[in-house]
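Visitor: Please see the structure below; I have some questions.
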Amino acid sequence: MEDSSEVLVCAAEYMKDRLYFVTLRTSGRPRSTANTHYFSVDDELVYENFYADFGPLNLAMLCRYCHKLNKKLKSLSLAKKKIVHYTTLDPQKRANAAFLIASYSCLVLGEATTPGGGSQTLG
């Protein structure tokens with residue numbers, strides 16, 4: 012993979028030192044390391060369009076994503092690793108990936124992003 016400064020478009024931390032969402036400027040798959048586990052659902056959770064739309068993904072796919080991410084976060088083999096959900100610059104895949112992790116943050120972590128860019132705990 013290319014130099015990380017040329018590949019990384021943006022990154023967001025959802026759980027301190029544990030869960031991240033990144034957009035990459037490459038079609039290549041990043042390799043997991045001893046400290047970091049990378050995963051993508053861009054080709055796994057795909058919206059079945061009716062016309063020329065692209066989402067958002069349905070609730071069944073959101074549930075599958077939440078279960079998948081919970082399993083990764085609870086996995087003993089990944090316990091000491093940073094979990095990085097990555098997507099590409101493809102606008103449709105990027106929008107759906109952002110929808111999934113933002114929904115996970117609200118539904119499971121109980122946090123919502125405020126308009127100022129910070130986060131707050133719901134409840």
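In our numbering, the protein residues as written are 12 to 134. Using N, Cα and C, we set each Cβ at its ideal position, and we do this for glycine too.
Just mark L111 as buried or exposed, buried being the case when its beta carbon has 16 or more other beta carbons within 10 Å.
Guide: Sequence index remark: in the sequence shown, residue 111 carries index 100 (1-based). L111 is buried by the Cβ-count criterion.
Visitor: Within a Cβ cutoff of 8 Å, which residues of the same chain sit near K93, ignoring the five residues on either side of it in sequence?
Guide: Working through the sequence shown from its first residue, we reach residue 93 at position 82. For K93, where only same-chain residues beyond five positions count, the Cβ hits under 8 Å are D28, R29, L30, Y31, N46, T47, H48.
Visitor: Relative to the alpha-carbon of S44, which residue among V95, C117, L118 has its alpha-carbon at the smallest distance?
Guide: Here residue 44 refers to the residue found at position 33 when the sequence shown is read from its first residue. Strictly speaking, residue 44 in this sequence is Thr, with Ser absent from that position. Ranking the options by Cα distance to T44, first place goes to V95.
Visitor: Go ahead and label L56 buried or exposed: buried means 16 or more other beta carbons lie within 10 angstroms of its beta carbon, across all protein chains shown.
Guide: One-based indexing of the sequence shown puts residue 56 at position 45. Buried, since its Cβ has 16 or more Cβ neighbours within 10 Å.
Visitor: Rounded to whole angstroms, what is the Cα-Cα separation between C117 and C77?
Guide: Position 106 of the sequence shown, counted from the start, is the residue given in the question as residue 117. Position 66 of the sequence shown, counted from the start, is the residue given in the question as residue 77. Spanning the two alpha carbons is a distance of roughly 11 Å.
Visitor: Does the Cβ of N81 have 16 or more other Cβ atoms within 10 Å, making it buried, or fewer, making it exposed?
Guide: Looking up residue 81 in the sequence shown gives position 70. Result: exposed.
Visitor: Quick one: what's got a C-beta closer than 7 Å to M12's C-beta in the same chain, skipping five residues either side?
Guide: Position 1 of the sequence shown holds residue 12. In this prediction, M12 scores a pLDDT of 49, lower than 50, which makes its location untrustworthy; no coordinate-derived value is stated.
Visitor: According to DSSP, is A23 helix, strand or coil?
Guide: Position 12 of the sequence shown, counting from 1, holds the residue named residue 23. In this structure, A23 counts as strand in the three-state DSSP scheme.
Visitor: Of the choices M26, C21, A22, V20, whose alpha-carbon is the least far from that of Y115?
Guide: By 1-based counting over the sequence shown, the position of residue 115 is 104. When each option's Cα is compared against that of Y115, the closest is M26.
Visitor: So what does Y49 bridge to, in DSSP terms?
Guide: Numbered from 1 along the sequence shown, position 38 holds the residue referred to as residue 49. BP columns for Y49 point to V95.
Visitor: Give the DSSP bridge partners of T37, in chain order.
Guide: Along the sequence shown, read from residue 1 onward, the residue named residue 37 stands at position 26. Answer is none; T37 lacks a bridge partner.
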